[in-house]
Amino acid sequence: MGQTAKVTRKNRTITVDFHNEATYDQLLDDTKAFVEFVLAFLLALGFQLLHKASCSEGGGLTRHSHYARVRLGGLTIWRIQCTTCKAVFTVLPHFVLRYRTMRPDVARDALIATHGGLSLAWSATICPISPMALYRLICALGQHSLVTVLVKCRLPLPAYILADEKHSRCLTERVYLPTIVSGRVIWHLGYSDSKSAAAFTASYGQCQQTALEHESSYQVKGALTDGFDSTVSSMRTLFPGARLGFCLRHALNKLPDKLVGIPASVRRGLRSTFHALLHRCRQRKSLRVVALGQCLRHFANRIATTVGEEHGERVRHWFEAKKAGWYAVLEDPKMPAMSTVLDQAHNAIDRKLFAMKGFHHPGGSQAAFLTGLAHLYNLIPYQRRALNAGTCGVEVEGGRVPTSDWMLSLQILTSGGYQCAPAPPHH
Ligand SMILES: [Zn+2]
């Protein structure tokens, strides 16, 4: 691959909101005022600077740091070096994007058009940029992992997750996008050309790895899947202690497939009986699993007597294979029961990929591109007629975004130089 010799320099850019360009220009000539402004901004966000792991400076800036002004593409910016660990921070004013000539307000329009489902080419048509520039911008955002950005929004790592793969295409090849969702937020959106358990384990494992780097004691308590073998076995491998549930709505939709050759009206009737049965069991406060076991037995017997023993037997067999996953959903009231929010996330991503007719380039940066799209999904507020109008997925889940302007928040959150201040110790 030829990448072993490449030294990756850590991106320690910090985007700072200077309110307007005039304020920035004034501060440039006054080192003390400039540093104080940056410190106040850090304090307001509750962020710290990402020094090297060994550094004793504890995430701040000190008087001793080296400050230098450099000219970059006609703009003067400050670089700050920690004298202890030698980490260099580049202070990027809010009105520029790192390594890009495109201004944030142009990027904002193009990104929202893409998020809304326009192809890169159409988004570029209504904005003064090229489709490739937009593609590269989304990939650059995707260099920052979802976990890292979500943790900066003060979201706790998810104890209960939904996991499933979206099927997509890269030219004529089938590809799979392993996805982890918790509520309205995407925590992982991977890319795999195989649907093997090993491939899914590798993809979901990246998310787990980043989470563990952040919190070494992180554990998943429960995972809901639709019961697909590779997904289930990858969850079992990565999260051995987790409860593994199967989506109840998926079960409902599968029932008619088990009743082939029976009139549609009868199948519909049985499906709604099954629906009522699952619903009743979920409503119960105690003995939910016992209740479900009994209900499933009665239901299978009823199918046997009303539409025939062979159907009853087939359904019984299916229940036998799946019931452990349904029990897992009922055993723990915090377990998600249905994968609706995950389907919604997949539909949103699918709209964009469909507009692009899949991934055009087998050698492209699919993983980074998908992660970039997932950041937009998490951070762009819902439209005004939506259920959670005006707030973004992160906020709906109880997280905090740095500013009320999603584009500025996105710039700040994908700045490599920030990290969260450690949480105050619990008493
Ligand atoms: Zn340092």
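Quick note on numbering: the sequence shown equals residues 4 to 430 in the numbering used here.
The beta carbon of each residue, even a glycine, is placed where N, CA and C say it ideally should be.
Here the structure is a predicted model, which is why all the values come from computation and not from measurement.
If you check the CB distance, Glu-400 and Val-188 come in under 8 Å. Cβ-Cβ distances below 8 Å link Ala-370 to Gly-145, Gly-193 and Tyr-194 in the same chain, with the five nearest sequence neighbours on each side left out; the list follows chain order.
Following the DSSP letters along the chain, one finds His-301 inside the alpha helix (DSSP H) bounded by residues 291–310. Contact between Leu-241 and Trp-190 fails: their C-beta atoms lie close to 13 Å from each other, not under 8 Å.
It is roughly 11 Å from the alpha-carbon of His-364 to the alpha-carbon of Arg-172.
In this structure, the CA atom of Ala-389 is about 14 Å from the CA atom of Val-344. The Cβ-Cβ distance between Ala-245 and Lys-325 does not fall below 8 Å. With a cutoff of 7 Å, Ala-90 counts as near ligand 1, since its C-beta is closer than that to a heavy atom of the ligand. From the listed residues Thr-117, Arg-287, Gln-84 and Phe-92, the smallest Cα separation to Ala-377 is found for Thr-117. DSSP links His-378 through a beta bridge to no other residue. Not a single heavy atom of ligand 1 lies less than 7 Å from the C-beta of Lys-13. Going by C-alpha positions, Ser-342 is about 28 Å away from Ser-368. By the Cβ criterion, the stretch 344–361 is not in contact with the stretch 281–301, since fewer than three pairs of Cβ atoms, one from each stretch, lie closer than 8 Å. Nearest neighbour of Glu-323 by Cα position, chosen from Gln-297, Gln-414 and Gly-366, turns out to be Gln-297. Bounds of any alpha helix (DSSP H) do not take in Phe-50; it lies within the beta strand (DSSP E) bounded by 50–52. A straight line joining the alpha-carbon of Phe-231 with that of Phe-357 spans about 24 Å. Proximity to Ala-113 across Leu-31, Met-410 and Ser-59 peaks at Met-410, based on C-alpha coordinates. For Ala-226, the enclosing beta strand (DSSP E) stretches over residues 225–228.
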